[in-house]
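Shown next, in C-alpha cells, is the structure this report addresses.
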Amino acid sequence: MKTFTQTLKENKHSLSKDEKTLLIKYISWQQRNARTVEQAIQNLDLPSIFEYESLKDEILENSPKKIVDLGCGSGRSSFFFFMNLKKQLPRDTTFMLADYDRVADGYDITKPFFDKENFAGAQGYMRDNKFILPYNNFNVAKILKNIFCPTMNMEILNLDENKIQNLSQVDIVYSFASIGYHYSIATAFEEYNIKNILRSGGKFICDIQRAPSGPGHKKYEEEIEQVTQMGLKFKKLVDGRAPSRAACHLRDFYIFTK
Ligand SMILES: C[S@@+](CC[C@H](N)C(=O)[O-])C[C@H]1O[C@@H](n2cnc3c(N)ncnc32)[C@H](O)[C@@H]1O
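FYI, the numbering for the sequence shown is -5 to 252, going by the numbering used here.
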C-alpha cells in the first residue's frame, strides 16, 4: 500500500505559492495546524488507510466502472483508492467527485444543512455566523489529482449545479464523514435518488461515527433501517474499530446493495 506521504516524496511536484496555500488551508479536516504541504498531506493518510484497509475488497468486487464519492471534500478517499487499486480496477473506471463548492466567503448560512441536535458534524457551518470553516473547494481536489492520480478518470459534480439524481448505472456510491456526519443518511438517500442511480447489484457505502464513542450520529440505527425500507439490502457492517492503526477514528462502514 502506498500512502500520500510516500507518493509525495517520490514524485516531486512544483506547486505554486497559491496552490500550497490552498492545500494547507483546506486540508484541515483532521488537524488544523498544518504549516507545510507535507504536514497537510500527512493528515490525509490515516483516515484514507483506514477506509482502504476496511473496504478495498468491496471496492474491487464486480469491477466497478462508475463510482460516486458523495460529499467528497478534497477527494482524498477516491484518490487513495485509485492510487492503490488502479492496476486492479477496469481502465475506464470513472470517479465522480460530488460535493458543494462553497467556501467561507459568501456562503449562504441560511441553508438548513446541519442538524446540531443529531449530527456530530454540525459544527461545520455555524448558523450564528461567528465561526464558519473555510470548507470545500474543488481546486484542492484538482491539485491533489495532478499530484497523486494524473491518470485517473475524474468528473467533478458540483451539487449546486449538477444533478447526481440523473446519473444511471452507478456501481458504487460511497460517502465518508459526510452523509451521516453532517446530514441525514435517509434524507440524502432520497434527495440524491441513490436507489435509482445505482445499477442492479450496485452498492451504497456510508460510514457512521457512533455517538457512544464520541460525538456521533445519535439516530444512526433508525436511519440505517430507513435505507433498507427504501429498498436496499443490508449487506455487511465493517466494524471500524478493527484496524488498529486507525484506532483514532471510530467509524463503522455500512454496506448496502441494490
Ligand atoms: C468532513 S468533510 C469530509 C470530506 C471527505 N468525504 C473526506 O472524508 O475527507 C464533509 C463533506 O461533506 C460535504 N457535505 C456537507 N453536507 C452535505 C450534503 N448535504 N450533501 C453532500 N455533501 C455534503 C461538505 O461540503 C464536506 O466536503
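Glycine residues also receive a C-beta, built at the ideal position from the N, C-alpha and C atoms.
By the neighbour-count definition (other C-beta atoms within 10 Å, threshold 16), GLN203 is a buried residue. Secondary structure of LYS(-4) (DSSP, three-state): coil. Membership of THR30 in any beta strand (DSSP E) is not indicated, and neither H nor E is assigned to it by DSSP. At a cut-off of 7 Å, the beta-carbon of PRO41 counts as near ligand 1: some heavy atom of the ligand is closer than that.
Taking a cut-off of 8 Å on C-beta distances, the stretch 58 to 72 touches the stretch 166 to 186, as three or more cross pairs fall below it. Under the three-state reduction of DSSP, THR145 is assigned to coil, being neither helix nor strand.
DSSP, read as helix, strand or coil, puts ALA135 in helix. Secondary structure in the stretch 181 to 208: the beta strand (DSSP E) runs of 3 residues or longer, each lying completely within the stretch, are 192 to 203 in chain order. Judged by DSSP secondary structure, LYS60 falls within the beta strand (DSSP E) whose first and last residues are 60 to 64.
Taking a C-beta distance under 8 Å as the contact criterion, ILE158 and TYR186 qualify as a contact pair.
Between ligand 1 and the CB of GLY67, the shortest heavy atom gap is smaller than 7 Å.
HIS211 has its CB no nearer than 7 Å to any heavy atom of ligand 1.
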